[in-house]
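Chains as they are written, first to last, in my numbering: chain A, 1289 to 1638; chain B, 1289 to 1638.
Everything on this sheet refers to the single structure shown next.
Number of protein chains: 2
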Amino acid sequence: VKVARELMVSIDAMGGDAGPSMVVSALVRSAQRHPSVKYILHGDETELGELLHKRRFKLGLHLGQRITVRHAPTRVAMNEKPSYALRRRRDSSMWRAIESVKTGEAEAVVSAGNTGALMAMSMYQLGLIDGITRPAIATVWPTQRGQAVVLDCGANIECDAEQLVDFAVMGEAFARAVLGLPRPRVGLLNVGSEELKGHDAVRGAAQILRSANLPMEFCGFIEGNHIAEGVVDVAVTDGFTGNITLKTVEGTAKLIAGYLKAALRRSFLSRLGAVLASGALMALKRKLDPRAAGGGLFLGLNGVVVKSHGGTDALGFAYAIDTAIDMALGGINKSIVADRAGVSPGMATP
Amino acid sequence: VKVARELMVSIDAMGGDAGPSMVVSALVRSAQRHPSVKYILHGDETELGELLHKRRFKLGLHLGQRITVRHAPTRVAMNEKPSYALRRRRDSSMWRAIESVKTGEAEAVVSAGNTGALMAMSMYQLGLIDGITRPAIATVWPTQRGQAVVLDCGANIECDAEQLVDFAVMGEAFARAVLGLPRPRVGLLNVGSEELKGHDAVRGAAQILRSANLPMEFCGFIEGNHIAEGVVDVAVTDGFTGNITLKTVEGTAKLIAGYLKAALRRSFLSRLGAVLASGALMALKRKLDPRAAGGGLFLGLNGVVVKSHGGTDALGFAYAIDTAIDMALGGINKSIVADRAGVSPGMATP
């Protein structure tokens, strides 16, 4: 059970393909759901003021008071190189949004902007949690039994055993603190479940995790199909494999949805059938909606950072804000710090 | 257009979970479709004789004459270690089935048995095509525009640039010789499409492929979603990423099919709708049927080797036999030899 304490969330209003109007709509949705959360919107002051003014009746007096607009003169473009953005965009809405977390004013930041720039700026400004050597991007997937956290989805192209162990700890901490699972089942993605399978990094990580003292059930190696089957709550892999797998699965889900649509349009009978089953088909659509996943969750940083999909709409961005709120209220980073100590007890700080 | 010349296919009748009865049923299906193909069935003589005898009316005189049974006293178990099978199972149906290709009696071998053992025995008996340093397992996936070859799906856990180039050549040769595409579009799976993305191996492979003289259109780096979108005909990656991606996608397809079934069963209206749309839903099911993909195609060996899924049925195994026939008739290995020379022209043999 999460306590609905006061919480400040910082938002990059200028990121994403859809722009600030989408972000403000998402903010209104989130604010209605979370009466004790306050928001700082970073971006073009005039534009944001107008967008909020338009929604003043929807917002009402109380809700309006929970939103602060903070001006940022520039924005990070979607195609800018992270290294360039890091040097040249310190007056951008993205930089400033992260800065609110750095100064302690806010606990979480949400952006639909350039992923690489958001990671680089977050690393630079917030730094890593003690004991974690690399941050990871986690995503939440639907499974036959509920959902699973998959990481790393693209922050680290090459990973050694220690980093995979860090990801396992961060994923497990997320599953406990945010998904509310007391003892998450954690597996390492591999080409087979036998102990001898895979390369040095996965085998080394398995060895460390088998002897670690962590509040999780380590399931050893899992294969790709085990994610959807719900065999684990946390699936750990390197960022190269995780990113390619995530995007391939997204592509496959779209392909199947397209096949289904085309098949149902084929004949009069099938069109009629689709109309009768439209309730069920809409439920399926919602279940497969990638927006409900809450975006890419940056783990391992001193602060909560959530990346909403660049092409998202207000619904998806609102889910991303909600996820950031859940992560902050769940105390994700305290969990990571506490659990990281369980891997090498000698290194635990009091 | 493929010439329907005479062809001998060797079959491991004892592999797979379902056993020889499934294999014989598959053989009958394939034999009816391919009047100029002959088959050698390796396995338990008595059992196979009885299975064929039961189907004697279906087979008829001519078809029966095209099938030879060859006795093999043992079989490779599904959970046996490849190294053990390689040393101890030289009297198995799998070993003997591959041997028929080695001796030149057959051009292709099909098995639903232990993948690792089939690869180890094929490597040992058939050897690699000149110029290819590692074999690869290719699979054919449905896409929005048709189909795509994805490799490596698990033969090689770690790959360097040269090996990825080999895979690109083999995939392209398969797409030309078997799928009939004159100039296949080939992409390297990566975490982004920009030139600087990824690790040394993919960047190195891209550099070699950009300057190679090959009958293909090299598309550079692609992301996971580009496979289903049909952006390429051939998607190349290492066996670790390929295997995990393949299995994750299979799991996702099953998950979505399960969601759809459950959603359509929810109410009277949706059940009625599903009945009316049953033709369309069956068409969708066929489209997503993993059996239609023809199994795992072992490329790079001196001979055609096709691995049908261990849990397959007669329909899936028959598709695997058909794929092996297509690969042999298409001259896949001649294409690989010819195209491999295009990568480093100085090494081309006259």
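Note that beta-carbon positions come from the ideal geometry of N, C-alpha and C, so glycine has one too.
Asked	Found
Nearest chain B C-beta to Leu1564/A closer than 8 Å, yes or no?	yes
Could you compute how far the alpha carbon of Ser1298/A sits from the alpha carbon of Ala1396/A?	6 Å
Which bits of chain B does Ile1544/A rub up against, with CB to CB less than 7 Å?	Ala1541, Ile1544, Leu1576
At what residues does the beta strand (DSSP E) containing Ala1426/B begin and finish?	1424 to 1431
DSSP state of Gly1604/A, grouped into three classes?	helix
Pull up the DSSP beta-bridge partners for Gln1435/A, would you.	Pro1430/A
Thinking just about the alpha-carbon of each residue, which of Leu1572/A, Val1312/A, Phe1586/A, Ser1324/A is nearest to the one in His1350/A?	Ser1324/A
Restricting to Cα atoms, I'd like to know which of Ala1606/A, Ala1616/A, Gly1630/A is closest to Gln1320/A.	Ala1606/A
In three-state terms, what does DSSP make of Leu1347/B?	helix
Short of 7 Å in beta carbon distance, which residues of its chain neighbour Gln1413/B, apart from the five on each side in sequence? Order them along the chain.	Ile1386, Glu1387, Lys1390
Can you tell me which of Arg1376/A, Tyr1327/A, Leu1467/A puts its alpha carbon nearest to the alpha carbon of Val1428/A?	Leu1467/A
Kindly list the residues whose CB is nearer than 7 Å to the CB of Gly1634/A, restricted to its own chain and excluding five residues on each side of it in sequence; keep chain order.	With a pLDDT of 39 at Gly1634/A, under the threshold of 50, the modelled position of this residue cannot be trusted, and the question is left open.
So, does the CB of Thr1536/A fall closer than 8 Å to a CB anywhere in chain B?	yes
Check the C-beta distance from Leu1543/A over to Cys1441/A and give it rounded, since I have them as a contact under 8 Å.	Between Cys1441/A and Leu1543/A the Cβ distance is about 20 Å, and since that is not below 8 Å, they are no contact.
Beta carbon of Leu1564/B, beta carbon of Leu1548/A: below 8 Å?	no
Looking at C-alpha atoms only, which residue of Leu1416/B, Asp1454/B, Leu1502/B is the closest neighbour of Ala1489/B?	Asp1454/B
Which class does Ala1523/B belong to by DSSP, given the choice of helix, strand or coil?	strand
Scan the segment 1472 to 1492 of chain B for residues whose Cβ lies nearer than 7 Å to a Cβ of chain A and list them as they occur along the chain.	Leu1477, Val1479, Gly1486, His1487
List the residues of chain B whose Cβ lies closer than 8 Å to the Cβ of Gly1512/A, in chain order.	Asn1531, Ile1532, Thr1533, Leu1534, Lys1535, Thr1536, Val1537, Glu1538, Gly1539
Tell me whether the segment 1574 to 1594 of chain A and the segment 1592 to 1602 of chain B touch, counting them as touching only if at least three CB pairs, one residue from each stretch, are closer than 8 Å.	no
For a contact meaning CB atoms closer than 9 Å, what does Leu1414/A contact in chain B?	Result: empty, since nearest Cβ-Cβ is about 23 Å, beyond 9 Å.
Measuring straight from C-alpha to C-alpha, what distance separates Val1398/B and Glu1483/A?	28 Å
Tell me the DSSP secondary structure of Ile1420/A in three-state form.	coil
DSSP on Gly1619/A, reduced to helix/strand/coil?	coil
Could you give the C-beta distance for Gly1352/A and Thr1431/A, rounded to a whole number, given that I count them as a contact under 8 Å?	40 Å between Cβ atoms; not a contact.
Tell whether a beta-carbon distance below 8 Å holds between Ala1523/A and Val1438/A.	yes
Quick one: Cα of Phe1509/A to Cα of Gln1495/A, how far?	11 Å
Could you compute how far the alpha carbon of Glu1450/A sits from the alpha carbon of Gly1618/B?	47 Å
With a threshold of 7 Å, establish whether the CB of Arg1363/A neighbours any heavy atom of the ligand SAM.	Looking for the ligand SAM in the displayed structure turns up nothing, as the structure carries no ligands at all.
Tyr1372/A touches chain B at which residues, Cβ-Cβ below 7 Å?	The premise fails here: Tyr1372/A is roughly 12 Å from chain B at the closest Cβ pair, so nothing lies under 7 Å.
I'd like to know whether the C-beta atoms of Gly1561/B and Ala1562/A end up nearer to each other than 8 Å.	yes
With a threshold of 8 Å, are at least 3 pairs of Cβ atoms found where one atom belongs to the segment 1407 to 1424 of chain A and the other to the segment 1497 to 1504 of chain A?	no
Check whether chain A comes within 8 Å of Ser1596/B, counting only Cβ atoms and requiring the distance to be less than that.	no
What first and last residue would you give for the alpha helix (DSSP H) that runs through Lys1573/A?	1566 to 1576
Anything in the segment 1426 to 1451 of chain A with a Cβ closer than 8 Å to a Cβ of chain B? List those residues in chain order, please.	Pro1430, Thr1431, Gln1432, Gly1442, Ile1445, Glu1446
With distances taken Cα to Cα, identify the nearest neighbour of Arg1422/A among Arg1433/A, Cys1447/A, Ala1405/A, Asn1402/A.	Cys1447/A
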